[in-house]
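J.: Let me begin by handing over the structure; questions about it come next.
Protein chains in written order, with my numbering: chain A, 828 to 1163; chain U, 280 to 784; chain C, 2 to 329.
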């Protein structure tokens, strides 16, 4: 029995070259295979799935989740965590909608974005300066911010009046929805940042070993602060675009979004403890969750089965990857 | 000691092991007599830990036999080893910090009455165990409140309380202050009297000569030989481990490289921190290697941490090249041209999941990047330069993750990082802690070479041989105060130990 | 000799503050503030009201304390609580008598816990991911089983579980306190409990000592599921219905209370009494805000702030002590 609990880190020395190769994309081949199987099965079940309309709808439907997940991935690689993103999205929407009359819609948007940045800053300060665990910090902020969204809106949905503002979330350029273009630019930008810049390197270093990074002379807290601010900003942008698309700001918007974000990122192979992960994996994670959602809607499956489906897929995807590592044999042999 | 011709307590015969086709152990044998201390020696990667892990059932041998009392035994998992009376003590300590000494001693076997833990009995048993080694420790004390040495001794007590007949100690004194090593040795001597046998792994040869009866030396997965300690010298053992002669000590040229005509690079005056150190005055000239020798707890490591901005300073002046400065953080220190090689490289020095290139350039991004984007060719050249100069060896080129490098090569990477950052002052904390003999001499040679180019090096160490062999000048610290200063020629082991123990001259 | 001393313990002894006492002081201060603004706060009626709202969070928190001490986390407790209420109401009265229905409901919670435990110990899936998945799936199952509506659970004997009282003391509170006493005993005085601290504090030490980590963790997650199921039944009895959206966000409330009570998210550290104080504190806060006629919208805000402030102060205190002792 003891043999089963041996840490997997007991790798023999000098075997880097001889270890089983890992697939470059995200969590590995298990995830990609799972996704392809999903696509095949769903396209058999629903003729609309691969239709043109749906192929445009699908990326739009995951765009809010996607843009937040991109920045959360960077934050998590750096060893952080932000559970307040869903609530921030809602609060920013509510604030933009409430401020549209006095400030004009674009002034209100600016205020909303600054608010997101400010929330990120506060999260970052609480984590880096006060030293509260990120999970607890952003959990507390989640509750606080969601409460404020209800307070500002009086618990009611607020309609957006400006037509141009609606174009942001509903319009398209050359047939491609603006919102998808925004996410695509963010994604490509983030990949470049994580792969080629000092900021990206710093995230991997700090997430990998924050103490060693600190002693190597990196301004660790400053980098972390920026990561939290970017996370807050991305939630604010998502809030603005969501409000624009729906034409209305609701205080309960994006409830539970943080869990989908974390789920997509972990699915994509980013480690909760930081230092490992990449954005292609996150993209795959988002696509799996989004496609699942989309398929269930197409197949008229009730929303509640979708929740069950989310859980099952999450376990399947992570579990598959574990099994690939060779735990299947252990799993089958194990007994109590 | 037992008679030579009696059946050995333990025999490991022709042990073979390979990982993924790479042979790690090639027909290695050793034997252990009842009541003896057998030193197991070899450089990192020689196969010591694999051999030990096979003995403990962590790994399965591919070939060979293990005999206890002359009878062949099967060890498939750690529990089997435990049942045969084999107990491991690792250099990394594993303990439950929030539990008491007694609970850690009896972990998994707390005495119960009905379903309740019988605390009275537990404490009594713990005291009884502690008495075996005549250790004065309150069994109710929480592990987190003990010192490193006390924790290690609890580990030893745990081993004998588990009815161990063979105790394997893997670098047990790695984190010990020298004066407390003797405490462990006393424990070992009392174990031997109780007919318990010890396999002792250490890089510190002076310890081997103090405590071991025989030494088995491995090199590159092969047995080099087993010798009585009384029949060999330190030099012989080193030669067996490395396969060739290793030169230590500064060359004459290096001595003359110290520039006394220019102002010191680093100059400290009246440095003090409440409760740690007081009145620290010292200068390091360009090209000079200054060693600070002290017993652990003497505060010498705190001094360099404070210079590096990692710990606060209550009073005193730091001057770099004559300019008064303050260092508020390691980030600040780096910008001012100060680097620190920390004692615990895995925890404090390296990003184990990043590769060699990324670790080497970690503190020097500005010259290697433009507008925040890395110039990948430049970065590779810089990394390669240090890999060549320091002889950093790894399996898969500079894209190898640090996790897969040996301790010595890992330490070279940390050193390379600061040389790459082009610092003016290099602070070293126990620079060759857990580093094997071959890599150690590489590191010394590089330090010497860098000093010759004008780098000022301040090294803190509790390893006497290290301080004696690489420093131009040696200072001793006792209880946070400098107690002596010796030039290279006048320093001897006796003088240094005397001064570091608080004795006056 | 000089005044320089290197013996570290002696320096920290002067400023040692017991974290539980800090929490207690904060609690008393909070009560005094509420009491001075809301005259009804200290009334017997109100105290009984507070007492009757403790059990749902409190009982689930017992399981969560053990999970956190062992180094894990369980996000599925709220969903499990909802599922049990729904399951009981679906089976009663048509299929099973009330206690059998309740028994089956408890069993369902136990099964979810076992499932979590198996995923974590056997497939080595991170506890956060595992329980995030069951959090989502089990809530979905609750909606499906209930047909997305409240189902009546009107059996008077069953309602006693959530609404009854013995000599003025809510029955649910008595049950909860009995569980606290029992699990205080388990964590403090049994081998199983002590082993959990070892597993959370150093899995390697536990493994080397021959403790079966997998078996312990499996039991812990199963217990957490079972206790959350019990919390769900009490909640259903208070609502007199099985409601699929019941106990929404319970996991956050429970984790907040447990962490507030001094249990470390990193494992190996924590106590049942700390958790009790954390639970009482957060429930009292909710009640006090109601007493002050604060809009329910502000309650979320206050809950978040109290969590941040309490943990923040604790953190600053730790840092202060540390900086007095030695640099990091």
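Ideal placement from N, C-alpha and C gives every residue a C-beta, glycine not left out. Source: prediction; values computed, not measured.
When the Cα atoms are used, what is the spatial distance from residue 281 of chain U to residue 369 of chain U?
T.: A caution first: residue 281 of chain U carries a pLDDT of 45, below 50, which makes its placement in the model too unreliable to give a value.
J.: I want to verify the contact list: residues of chain C whose CB lies under 7 Å from the CB of residue 896 of chain A, in sequence order.
T.: Residues of chain C passing the Cβ test: none, with the nearest at roughly 15 Å.
J.: Please list the segments of the alpha helix (DSSP H) lying wholly inside the region 876 to 952 of chain A, counting only runs of 4 or more residues, in order along the chain.
T.: 879 to 904, 912 to 930, 932 to 952
J.: Alpha carbon to alpha carbon, how far is residue 876 of chain A from residue 1124 of chain A?
T.: Cα to Cα, residue 876 of chain A sits roughly 10 Å from residue 1124 of chain A.
J.: Determine contact between the region 97 to 113 of chain C and the region 50 to 66 of chain C, defined as no fewer than three beta-carbon pairs at a distance below 8 Å.
T.: Taking 8 Å as the limit for Cβ pairs, the verdict is that the region 50 to 66 of chain C does not touch the region 97 to 113 of chain C.
J.: Quick one: which residues of the region 545 to 560 of chain U get their C-beta closer than 7 Å to a C-beta of chain A? List them in chain order.
T.: none
J.: Just the chain C side, please: which residues come within less than 9 Å of residue 1014 of chain A by C-beta, in chain order?
T.: Neighbours of residue 1014 of chain A on chain C: none; closest Cβ ~23 Å, over 9 Å.
J.: Looking at C-beta atoms only, is the number of pairs between the region 82 to 97 of chain C and the region 152 to 168 of chain C that lie closer than 8 Å three or more?
T.: yes
J.: Does any residue of chain C have a CB that is nearer than 7 Å to the CB of residue 900 of chain A?
T.: no
J.: Can you name the start and end residues of the beta strand (DSSP E) that residue 142 of chain C belongs to?
T.: Residue 142 of chain C -> not in any beta strand (DSSP E); alpha helix (DSSP H) instead, spanning 128 to 147.
J.: State the Cα-Cα distance for the pair residue 205 of chain C and residue 367 of chain U, rounded to the nearest angstrom.
T.: Near 13 Å, if we compare the C-alpha coordinates of residue 367 of chain U and residue 205 of chain C.
J.: Which first and last residues belong to the alpha helix (DSSP H) in which residue 746 of chain U is found?
T.: 743 to 749
J.: What do you reckon, are the CB atoms on residue 571 of chain U and residue 734 of chain U nearer than 7 Å?
T.: Going by beta carbons, residue 571 of chain U and residue 734 of chain U fall outside the 7 Å limit.
J.: Is there a Cβ from chain C that is less than 7 Å from the Cβ of residue 477 of chain U?
T.: Look at residue 477 of chain U: its C-beta is not under 7 Å from any C-beta on chain C.
J.: Would you mind telling me which residues of chain U sit closer than 8 Å to residue 203 of chain C, beta carbon to beta carbon, in chain order?
T.: 373, 374, 375, 376
J.: Report yes if the CB atom of residue 70 of chain C is closer than 7 Å to the CB atom of residue 211 of chain C, and no otherwise.
T.: no
J.: By alpha-carbon positions, which one of C:249, C:307, C:285 ends up nearest to residue 35 of chain C?
T.: C:285
J.: DSSP three-state call for residue 311 of chain C: helix, strand or coil?
T.: helix
J.: Hey, residue 630 of chain U and residue 1039 of chain A: beta-carbon distance below 7 Å or not?
T.: yes
J.: Taking only three categories from DSSP, how would you classify residue 560 of chain U?
T.: Here residue 560 of chain U carries a strand assignment [DSSP, helix/strand/coil].
J.: Below 7 Å between beta carbons is the criterion; list the residues of the region 243 to 270 of chain C that meet it against any residue of chain U, in chain order.
T.: Cβ contacts with chain U come from 269, 270.
J.: Just to confirm the assignment, what range does the beta strand (DSSP E) spanning residue 479 of chain U have?
T.: 476 to 480
J.: Is the beta carbon of residue 911 of chain A closer than 7 Å to that of residue 962 of chain A?
T.: no
J.: For residue 613 of chain U, return the contacting residues in chain A, with the cut-off set at a CB-CB distance below 7 Å.
T.: 1044
J.: Does DSSP classify residue 157 of chain C as helix, strand or coil?
T.: In the three-state DSSP reduction, residue 157 of chain C falls in the helix class (H, G or I).
J.: Compare the Cα-Cα distances from residue 433 of chain U to each of U:485, U:487, U:375, U:477 and report the closest residue.
T.: U:375
J.: Spell out the partners DSSP gives residue 1076 of chain A in its beta bridges.
T.: A:985
J.: Between the region 882 to 892 of chain A and the region 933 to 942 of chain A, do at least 3 Cβ pairs fall closer than 8 Å?
T.: no
J.: Run through the DSSP bridge pairs and tell me what residue 596 of chain U is partnered with.
T.: U:548, per the DSSP bridge assignment.
J.: Can you look up residue 774 of chain U in the DSSP assignment and give me helix, strand or coil?
T.: helix
J.: Please name the residues in the region 701 to 730 of chain U whose beta-carbon is closer than 9 Å to at least one beta-carbon of chain A, in chain order.
T.: none
J.: For residue 1 of chain C, tell me which candidate among C:39, C:55, C:61, C:66 has the shortest Cα-Cα distance.
T.: It is not possible to answer for residue 1 of chain C, since the shown part of chain C is limited to 2 through 329.
J.: Report all residues from its chain with a CB closer than 7 Å to the CB of residue 647 of chain U; omit the five preceding and five following residues, and keep chain order.
T.: 640, 653, 654, 657, 658, 661
J.: Thinking C-alpha only, which one of U:550, U:520, U:543 is nearest residue 567 of chain U?
T.: U:543
J.: Please determine, among C:305, C:269, C:164, the residue with the shortest C-alpha to C-alpha distance to residue 974 of chain A.
T.: C:305
J.: Using Cβ-Cβ distances below 7 Å, what residues of the region 376 to 402 of chain U are close to chain C?
T.: 376, 377, 378, 382, 386, 387, 389, 391, 394, 395, 396
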